[in-house]
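Peer 1: Heads up, the sequence shown is in this note's numbering, so the first residue is 3 and it goes up one at a time.
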Amino acid sequence: MKTRLIKSEERGFANHGWLKSYHTFSFANFYNPDQVNLGALRVVNDDFVAPGMGFGKHPHDNMEIVSIPLEGALEHGDSMGNTTVIRNGEIQIMSAGTGVTHSEKNHSGKEPVKFLQIWVFPDKKGLTPSYDQKFFDVSERKNKWQTIVSPVGSNETGVKINQSSWFSMLELEAGKTIDYRIKKEGNGLWFFVLEGKVSLGDIKLNTRDSLGVWETNEVSISGDENASLLLIEVPMTF
Numbered sequence: 003m004k005t006r007l008i009k010s011e012e013r014g015f016a017n018h019g020w021l022k023s024y025h026t027f028s029f030a031n032f033y034n035p036d037q038v039n040l041g042a043l044r045v046v047n048d049d050f051v052a053p054g055m056g057f058g059k060h061p062h063d064n065m066e067i068v069s070i071p072l073e074g075a076l077e078h079g080d081s082m083g084n085t086t087v088i089r090n091g092e093i094q095i096m097s098a099g100t101g102v103t104h105s106e107k108n109h110s111g112k113e114p115v116k117f118l119q120i121w122v123f124p125d126k127k128g129l130t131p132s133y134d135q136k137f138f139d140v141s142e143r144k145n146k147w148q149t150i151v152s153p154v155g156s157n158e159t160g161v162k163i164n165q166s167s168w169f170s171m172l173e174l175e176a177g178k179t180i181d182y183r184i185k186k187e188g189n190g191l192w193f194f195v196l197e198g199k200v201s202l203g204d205i206k207l208n209t210r211d212s213l214g215v216w217e218t219n220e221v222s223i224s225g226d227e228n229a230s231l232l233l234i235e236v237p238m239t240f
């Protein structure tokens, strides 16, 4: 088993006033040759957007873009005609395919919005752009993995992604140990601690720390205190 640990303070950081963004992987003006991607996983941005502010219309192509609101309300608009507001418990995916433009803004004029934006390379280029969102009951991830993203064509829960990738979330109680078994041979895992403290073997992770794990079929994670986690399984080659 191979691992790659990125502590919270090792992430890139950009402060634009209205936007504060932490970059797990190289992004914009932050570049670290050891933090470019994990297989098909390219971007994990931890964003804080001030009230009434946001990202104006901008283009993407050939990328699967997942947004996970953590606090507040995120307003989405795109060139496919989708306009919506998503909140904690909802997951949004946009498959950019041959090309889309979109905007993401703080829906509130009073409260900040905090969300994760994650980019995954698709399994093929030139796909027809698409959009989906879905609500998930947070109580159903207590001490068990809740699948929130799964591959197109699979019968599993989750919004659908054009890649052999699965996203899962977990609310882990202190003292509990939960296993995760790789769903596709050869895939790697990326653990991101949203809150709390956990251990994977002798590796300790605190809030906003992350860990890549590959060349293994199963891992166990233990709660050193109550913790919230996101797990992303992705192909290491694609």
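By construction, the Cβ of each residue, glycine as well, lies at the ideal position given by its N, Cα and C atoms. Please read these numbers as outputs of a predicted model, since none were measured by experiment.
Apart from the five residues just before and just after ASP226, which ones in its own chain have a Cβ nearer than 8 Å to its Cβ?
Peer 2: If we look at ASP226 and ignore the five residues flanking it on each side, its Cβ neighbours are ALA176, GLY198, LYS199, VAL200, SER201, LYS206.
Peer 1: Could you name each continuous alpha helix (DSSP H) segment of 4 residues or more that falls completely within the stretch 79 to 161, going from the start of the chain to the end?
Peer 2: Complete alpha helix (DSSP H) runs here, min 4: none at all.
Peer 1: Pull up the distance between the alpha-carbon of THR159 and that of GLU235, whole angstroms please.
Peer 2: Computed Cα separation, rounded: 15 Å.
Peer 1: Using 8 Å as the cut-off, can you tell me whether the stretch 88 to 107 makes contact with the stretch 208 to 220, which would need three or more C-beta pairs spanning the two stretches below that distance?
Peer 2: Output reads no: the stretch 208 to 220 does not touch the stretch 88 to 107.
Peer 1: Which residue from ASP181, PRO35, LYS186 puts its Cα closest to that of GLN223?
Peer 2: One detail in the question is off: residue 223 reads as Ile in this sequence, not Gln. Ranking the options by Cα distance to ILE223, first place goes to ASP181.
Peer 1: In the structure shown, what three-state DSSP assignment does GLU73 receive?
Peer 2: Correct three-state label for GLU73: strand.
Peer 1: Please check the pair SER167 and VAL154, which I expect to be a contact at CB under 8 Å, by giving their CB distance rounded to whole angstroms.
Peer 2: 10 Å between Cβ atoms; not a contact.
Peer 1: Give me the Cα-Cα distance between ASN133 and LYS59, rounded to the nearest whole angstrom.
Peer 2: The question names Asn, but residue 133 in the sequence shown is Tyr. If I take the Cα positions, the gap works out to 16 Å.
Peer 1: Who are the near neighbours of SER170 in its chain, counting only those whose CB is closer than 7 Å to its CB and skipping five residues on each side?
Peer 2: Contacts found: TRP147, GLN148, THR149, ILE150, LEU233.
Peer 1: Could you name the residues of the same chain whose beta carbon sits closer than 6 Å to that of PHE32, not counting the 5 residues immediately before and after it, in chain order?
Peer 2: Counting only Cβ-Cβ distances below 6 Å, and skipping sequence neighbours, we find GLY14, HIS25.
Peer 1: Is it the case that the Cβ atoms of GLY111 and PRO61 are separated by a distance below 8 Å?
Peer 2: It is not a contact, given that the beta carbons lie outside the stated cut-off.
Peer 1: Which residue spans inside the stretch 165 to 229 form an unbroken beta strand (DSSP E) run of at least 3?
Peer 2: Fully enclosed beta strand (DSSP E) runs of 3 or longer: 168 to 174, 179 to 183, 189 to 197, 200 to 202, 205 to 207, 212 to 216, 220 to 225.
Peer 1: LEU40 lies in the beta strand (DSSP E); which residues open and close that run?
Peer 2: That residue, LEU40, is in no beta strand (DSSP E); it is neither H nor E in DSSP.
Peer 1: Where does SER23 fall in DSSP's three states?
Peer 2: DSSP places SER23 in strand when its eight states are reduced to three.
Peer 1: DSSP has ARG6 in a bridge; who is on the other side?
Peer 2: In the DSSP output, where bridge partners are listed per residue, ARG6 has GLY214.
Peer 1: Measuring CB to CB, does SER97 end up less than 8 Å from PRO114?
Peer 2: Against a cut-off of 8 Å, the Cβ pair of PRO114 and SER97 comes out as no contact.
Peer 1: Smallest Cα separation from MET55: which of HIS18, GLU11, GLN94, ASP211?
Peer 2: Among HIS18, GLU11, GLN94, ASP211, the Cα nearest to that of MET55 belongs to HIS18.
Peer 1: With distances taken from CA atoms, which of ILE184, ILE163, ASP211, LYS136 is nearest LYS126?
Peer 2: The option with the nearest alpha carbon to LYS126 is ILE163.
Peer 1: I'd like the span of the beta strand (DSSP E) that includes ASN17, first residue to last.
Peer 2: From DSSP, the beta strand (DSSP E) with ASN17 extends over 14 to 17.
Peer 1: If you follow the beta strand (DSSP E) that PHE32 is part of, which residue opens it and which one closes it?
Peer 2: Per DSSP, PHE32 belongs to no beta strand (DSSP E) and is neither H nor E.
Peer 1: Could you pull the start and end residues of the beta strand (DSSP E) that PRO61 belongs to?
Peer 2: That run of the beta strand (DSSP E) goes 56 to 62.
Peer 1: By the 10 Å Cβ neighbour count, where 16 or more other Cβ atoms means buried, how is GLU1 classified, buried or exposed?
Peer 2: Absent from the structure is residue 1, since the part of the chain shown begins at 3 and ends at 240.
Peer 1: Looking only at C-alpha atoms, which of ARG183, TRP121, SER10 sits nearest to ILE70?
Peer 2: Minimum Cα distance to ILE70 is reached at TRP121.
Peer 1: Rounded to whole angstroms, what is the Cα-Cα separation between SER72 and GLU187?
Peer 2: Looking at the sequence itself, residue 72 is Leu, so the reference to Ser does not match. LEU72 and GLU187: Cα-Cα distance of roughly 31 Å.
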